[in-house]
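Undergrad: Next up is a structure, given as structure tokens.
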Amino acid sequence: MELTPRRHELLSTYLLGIGTLFLYTGYSLQQFIGESVIHSIHEKSPDTISAYAGYYGAAFHLSAFAVFSLITPSLQHFVPSKWFLTLASALFAVYYLGFFQLNKYYFYLTQALMGVGYSFYNNGEGQYLSEHSSRRTIESNTGIETAVGHASMFFGGIALIVLCFLLHTDGGTGIEYSDLQIRFIYGTMFILNIFSVIVFAFLPTKQYDSIASKSSTVVPSFANQIKQLLKAFQSTNLLILMPFFFFQGFAVSFLMTVYPTTLSFTHAFKTDIYIIGIYSVSMGLAEAIGGIFLRPLLKRAGDYGLYVTAGFNFLSYSVVIILAFLSIPNLSTFGPTSSPPIFLTPSRLLVFIIGFLIGFSDFCVTMARAVICQVAVPDCRMQVFSLSKLYQSGSSVVVLLLTPYMTIYIWLCVLTIFLLIGTTCFVIVARRTAADRQKHSIAHPSQAQLADKI
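Structure (structure tokens):
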């Protein structure tokens, strides 16, 4: 029995979401626990790897992602989207295998390869959706894929809680991982990634009335692509937006690597094996709630929706900075510390609140960037997205390389400065592009998110 075009679209969309869920569940988990796992390995065998290799490896990962984010859009004219996705997932799987017998050279190499895979995935996801959605169904399909595939924070947190419960021993602590625990956790990530590879490899390829089939198939010359990239790079709006993209890079590094690492190194959580899982679940809930409640509010805000989004991001992250300053020991970015925080006693409830606010802020800033990149330089949208990722990843690389020398208070000062400057610059460009933004209303973020991925 042959499926109708709409059912074929839904099947393709749900399969893409399921593959993404398998891929991102492992990815988010390894980002959260990477530095504390590496620290545990270093404590047992100092010659195996640096104590701060988790920070340095993330810098390798983001450097490769930044470079290939500029290259990958040109490759979409020659490589089918499903194979972009399959190759991306395979590169992630190769990284997880390294933890069965850790070698520092293999670790850094596969971190870089995972960055390449991440850029492949970003391009392949949006490309595949455009091939299996019409202009009438693109918003619905993108919403379905996002809801299914990007629930990884929530499910990843639950998975980590379950794994910690099964592997915990009475003599263990929350910041120490035995060899068995490491192999079991990363083996689970590898298995999830294999499922992702299988799903992506068998994605349907038949197209009906898709956006991609209706688009021009003319491949732009390399010279024209470079010209467009330079035009975007030199544009006034993009130059003004640079601090906003820098802030996003710092914020992503903080939420994915630095803050979860401080939880593992804080004395109050020394025996709390579930704290990272609780943090991940709270972020996942925030992303879901943001999609349910914020989008209708933005629709009612009309032309002011972009300002509302920026305002929510500013307020939520300001509270995060204040709570982090009051509750995180200053030296907890370096290693286990028994130093007390300034005022607030660290607790699961406080971590849940901070995680929720970080997740909500991340949802807001992602939506805001998706829209502003479409209208900042209207003739060079794809190049603007690529450069925004380059600026974001570049700032992440710099700050992660410096993190072994940065206390949490220095980290929070950097975040505060760029939150203020970045938000101001964002509002300036929003005002400069008000006319163009009416054509790409923030009440329809799914279209913006699609453009962000391709």
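Remember, the numbering used here sits 320 above the position in the sequence shown when you count from 1.
Each residue gets a CB set at the ideal place from its N, CA and C atoms; glycine is no exception.
#1: Is the region 500–515 in contact with the region 322–334, if contact means three or more CB pairs nearer than 8 Å?
#2: Is THR340 helix, strand or coil by DSSP?
#3: Within its chain, find whatever has a CB closer than 7 Å to the CB of ILE361; leave out the 5 residues flanking it on each side and keep chain order.
#4: Reducing DSSP to helix, strand and coil, say where THR586 ends up.
#5: Are the CB atoms of SER652 and THR723 nearer to each other than 8 Å?
#6: Just the C-alpha distance for HIS760 and ALA696, rounded to the nearest angstrom, thanks.
#7: Going by CA-CA distance only, name the one from VAL399, SER365, TYR497 and ILE560 that's closest to GLY742.
#8: Which residue's Cα is closest to the Cα of SER782: LEU617, TYR415, SER573 and ALA521?
#9: Quick one: residues in its chain with C-beta nearer than 7 Å to the C-beta of PRO393, no 5 flanking neighbours on either side, listed in chain order?
#10: Does the distance from the CB of GLY435 to the CB of GLY604 come in under 8 Å?
#11: Could you give the residue range of the alpha helix (DSSP H) that holds ILE369?
#12: Have a look at ALA384, PHE564 and PHE474 and flag the residue whose alpha-carbon is nearest the alpha-carbon of VAL601.
#13: Are at least three pairs of beta-carbons, each pair with one atom in the region 631–645 and one in the region 508–524, less than 8 Å apart?
#14: Buried or exposed for LYS773, please, with buried defined as at least 16 other CB atoms from any protein chain shown within 10 angstroms of its CB.
#15: Would you kindly work out how many angstroms separate the C-alpha atoms of GLU329 and LEU336, rounded to a whole number?
#16: Between the Cα of PRO400 and those of LEU523, PHE738, LYS547 and VAL357, spot the shortest distance and give me the residue it belongs to.
#17: According to DSSP, what are the bridge partners of THR657?
#18: Measure the alpha-carbon distance for TYR415 versus HIS397 and round it to whole angstroms.
#19: Taking a contact to mean a Cβ-Cβ separation below 8 Å, would you say PHE680 touches GLY625 in this structure?
#20: What's the C-alpha gap between ARG751 and PRO366?
#21: If we ignore side chains and look at the alpha-carbon of each, how far apart do PHE419 and ILE358 end up?
#22: Which parts of the region 380–449 are runs of the alpha helix (DSSP H), unbroken and 4 residues or longer, counting only runs that do not cross its ends?
TA: On the basis of the data shown:
#1: Verdict: no, contact absent.
#2: Shown here, THR340 sits in a helix according to DSSP, grouped into three states.
#3: Residues of the same chain with a CB within less than 7 Å of the CB of ILE361, apart from the 5 flanking positions on each side, are THR368, ILE369 and LEU422 in chain order.
#4: Per DSSP, reduced to three states, the secondary structure at THR586 is strand.
#5: Between SER652 and THR723, the gap from beta carbon to beta carbon reaches 8 Å or more.
#6: Low confidence applies to HIS760: its pLDDT is 48, below 50, so where it sits in the model is not reliable enough to give any reading.
#7: Shortest Cα-Cα distance from GLY742 to any of VAL399, SER365, TYR497 and ILE560 involves ILE560.
#8: Residue coverage of the chain in this structure runs from 321 to 774, which leaves residue 782 outside it and unanswerable.
#9: Here the set comprises ASN443, MET702 and SER706.
#10: Contact: no.
#11: Where ILE369 is concerned, there is no enclosing alpha helix (DSSP H), given that its DSSP letter is neither H nor E.
#12: That would be PHE474, whose Cα lies nearest to the Cα of VAL601.
#13: With the cut-off at 8 Å, the region 631–645 and the region 508–524 do not touch.
#14: Residue confidence for LYS773 is low, a pLDDT of 39 falling below 50, so the modelled location carries little weight; the figure read from the coordinates is stated next. By the neighbour-count criterion, in which 16 or more other beta carbons inside 10 Å mark a residue as buried, LYS773 falls on the buried side.
#15: Between GLU329 and LEU336, the alpha-carbon positions lie close to 11 Å from each other.
#16: Per the Cα distances, LEU523.
#17: The partner list for THR657 (beta bridge, DSSP) reads THR586.
#18: C-alpha separation (whole angstroms): 28 Å.
#19: Taking C-beta atoms as the reference points, PHE680 and GLY625 fail to come closer than 8 Å.
#20: In a straight line, the C-alpha of ARG751 is about 53 Å away from that of PRO366.
#21: Put simply, the backbone Cα of PHE419 is about 10 Å away from that of ILE358.
#22: Here the runs fully enclosed are 401–417.
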